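Asks: Mind looking over this structure? Questions follow.
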Amino acid sequence: MNKGYIKIALALLSVAGYMQNMAFASDSTPSPNSPNETSKEILDNDSEDDIQQSSSNPKEVEHLLYDDPEEAIKAADIMTEALDFAQKHAEHTNDYKEYSKQDGVVLYFKKFKDTEIGKLELTIPNPDSYDDVVNILWDPNGAKNFDDKFIKGTIRRVYNKNLVIIQQLYKSLIRSWQRYYHALANKIELSKNKTAIVLVSSDMNDHDGGKNKKYVNPFVESANSFKPDIDSEEDIRNGDLYKMYINLVAFFIEKEADCVKVTYVSSIDPNAPYLTPASFIKKIIVKKILTLVKLKDIFKK
Numbered sequence: 001m002n003k004g005y006i007k008i009a010l011a012l013l014s015v016a017g018y019m020q021n022m023a024f025a026s027d028s029t030p031s032p033n034s035p036n037e038t039s040k041e042i043l044d045n046d047s048e049d050d051i052q053q054s055s056s057n058p059k060e061v062e063h064l065l066y067d068d069p070e071e072a073i074k075a076a077d078i079m080t081e082a083l084d085f086a087q088k089h090a091e092h093t094n095d096y097k098e099y100s101k102q103d104g105v106v107l108y109f110k111k112f113k114d115t116e117i118g119k120l121e122l123t124i125p126n127p128d129s130y131d132d133v134v135n136i137l138w139d140p141n142g143a144k145n146f147d148d149k150f151i152k153g154t155i156r157r158v159y160n161k162n163l164v165i166i167q168q169l170y171k172s173l174i175r176s177w178q179r180y181y182h183a184l185a186n187k188i189e190l191s192k193n194k195t196a197i198v199l200v201s202s203d204m205n206d207h208d209g210g211k212n213k214k215y216v217n218p219f220v221e222s223a224n225s226f227k228p229d230i231d232s233e234e235d236i237r238n239g240d241l242y243k244m245y246i247n248l249v250a251f252f253i254e255k256e257a258d259c260v261k262v263t264y265v266s267s268i269d270p271n272a273p274y275l276t277p278a279s280f281i282k283k284i285i286v287k288k289i290l291t292l293v294k295l296k297d298i299f300k301k
């Protein structure tokens, strides 16, 4: 194994301790805006001491750790592009149309490149909940606390402790079988009191047995050349699950003096059957976005 591969292997092994119970790490690591600096951070984030002190047996997560530095750098560059896109579409509401407003929660929609984007603005009146809000949104199984259609989440690949591929499984409202997606997920500490969590799908090869379309991400161009091979479960390979895609999902969580503000930008390709009415799909998407409102009750003082 050459030096580059050794470094990335050490970097990945150093996060083994964060993989207990298949949950994301609760601490954040700042991520620079420059793709080159982001890539360097991945390769330099190694420590033999961390490996030795890890409380997990590396063999337990061996199948998740990935020692391809080129793929890790590509994944980091994709998420840099995705974060830039998400920030631009989260900053203002000038080109959105208000869809609903209730109890201080505002939902907007707009079309961009003929694809719909939803934006939810939510205020949690408890500034002490900041870390817990970040943790629940970064945990692959965190949605079980607020989404009754959520079944389970798993980590499928690890590039570093804040950059992974996840799989999430949901009950379907379109057909009787369950639906799932794979996506790159990245947690970025933008400042001491602000964190971003970004998810993006690409046309990953998960060997699904269904007759699914070739997916093209409409927003994150670099994602369309990212096609990692995922060792998926038997039900996916047999075509028993319904596949969907994350065009872009981003959470911006910011702590203020008297509250925590969450801005949620979401564009999901449900890969719905051809004759499914657009109005029905919209209702499903709205319901999915509004599940996040339950965070207000979870973290109330």
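So the sequence shown is numbered by UniProt numbering: it starts at 1 and just counts up by one.
All C-beta atoms in this analysis are idealised placements derived from N, C-alpha and C, irrespective of residue type, glycine included.
This one's a predicted model, so the numbers in the text were calculated from it and none came from an experiment.
1) Do three or more CB pairs link the segment 184-192 to the segment 153-167 at distances below 8 angstroms?
2) What residue from Lys171, His207, Val262 has the CA that sits closest to Asp229's CA?
3) Round the Cβ separation of Ile289 and Gly118 to the nearest angstrom and send it over; I've been treating them as touching at under 8 angstroms.
4) Buried or exposed: which applies to Phe280, given that a residue is buried once 16 or more other Cβ atoms fall within 10 Å of its Cβ?
5) Which ranges does the beta strand (DSSP E) cover as unbroken runs of at least 3 residues, wholly within the segment 88-141, from first to last along the chain?
6) When the cut-off is 7 angstroms and only beta carbons count, does Leu83 lie next to chain D?
7) Enumerate in chain order the residues of its own chain whose CB-to-CB distance from Tyr96 is below 7 angstroms, with the five nearest sequence positions on each side excluded.
8) Please list the terminal residues of the continuous beta strand (DSSP E) segment that includes Leu169.
9) Would you kindly check if the distance between the Cβ of Phe251 and the Cβ of Ile284 is under 7 angstroms?
10) Using only the alpha-carbon positions, how far apart do Val262 and Met79 sit?
11) To which residues of the same chain is Asn193 closer than 8 angstroms at the C-beta, ignoring the five residues directly before and after it?
12) Over the uninterrupted alpha helix (DSSP H) stretch that includes Leu295, give me the two end residues.
13) Short of 6 angstroms in beta carbon distance, which residues of its chain neighbour Lys294, apart from the five on each side in sequence? Order them along the chain.
14) What first and last residue would you give for the beta strand (DSSP E) that runs through Glu256?
15) So, with DSSP's three-state summary, where would you put Pro32?
16) Which ranges would you report for the beta strand (DSSP E) in the segment 175-248 if only whole runs of at least 3 residues count?
17) Can you check which of these residues, Phe219, Lys227, Lys211, is closest to Asn238 by C-alpha distance?
18) Which residues in the same chain have their Cβ closer than 8 angstroms to the Cβ of Pro127, if we skip the five residues on either side of it in sequence?
19) Considering Cα atoms alone, identify which of Asn247, Val106, Leu83 is closest to Thr93.
Replies: Concretely, from the data shown:
1) yes
2) To locate residue 229, count along the sequence shown from 1; it is residue 229. Asp229 has its Cα closest to that of His207, out of Lys171, His207, Val262.
3) On the sequence shown, position 289 is the one that residue 289 refers to. On the sequence shown, position 118 is the one that residue 118 refers to. At roughly 5 angstroms, the Cβ-Cβ gap stays under 8 angstroms, so Ile289 and Gly118 are in contact.
4) If you number the sequence shown from 1, residue 280 lands on position 280. With fewer than 16 other Cβ atoms within 10 Å, it is exposed.
5) 97-102, 105-112, 115-124
6) Annotation note: the requested chain D is absent from the structure, which comprises a single protein chain.
7) For this step, residue 96 is matched to residue 96 along the sequence shown. For Tyr96, where only same-chain residues beyond five positions count, the Cβ hits under 7 angstroms are Tyr108, Phe109, Lys110, Lys119.
8) Numbered from its first residue, the sequence shown carries residue 169 at position 169. For Leu169, the enclosing beta strand (DSSP E) starts and ends at 163-170.
9) For the purposes of this step, residue 284 is taken as residue 284 along the sequence shown, with counting starting at 1. For the purposes of this step, residue 251 is taken as residue 251 along the sequence shown, with counting starting at 1. It is not a contact, given that the beta carbons lie outside the stated cut-off.
10) Walking along the sequence shown from the start, residue 262 turns up at place 262. Walking along the sequence shown from the start, residue 79 turns up at place 79. Spanning the two alpha carbons is a distance of roughly 20 angstroms.
11) Position 193 of the sequence shown, counted from the first residue, corresponds to residue 193. Correct list, in chain order: Tyr130, Glu254, Lys255, Glu256.
12) Locating residue 295 in the sequence shown gives position 295, where the first residue counts as 1. Here the alpha helix (DSSP H) through Leu295 covers 295-298.
13) The residue labelled residue 294 in the question sits at position 294 within the sequence shown. Result list for Lys294: Phe146, in chain order.
14) In the sequence shown, residue 256 corresponds to position 256, counting from 1. Per DSSP, Glu256 belongs to no beta strand (DSSP E) and is neither H nor E.
15) Here residue 32 corresponds to residue number 32 of the sequence shown, with the count starting at 1. The predicted position of Pro32 is uncertain, since its pLDDT is 40 and thus under 50; no value can be drawn from it.
16) Runs found: 179-191, 194-200.
17) Taking the first residue of the sequence shown as 1, we reach residue 238 at position 238. Residue Lys211 is the option with its Cα nearest to Asn238.
18) On the sequence shown, residue 127 is found 127 positions in, with the first residue counted as 1. Excluding sequence neighbours, Pro127 sits near Lys255, Glu256, Ala257, Asp258, Cys259, Val260.
19) Counted from its first residue, the sequence shown places residue 93 at position 93. It is Val106 whose Cα lies nearest to the Cα of Thr93.
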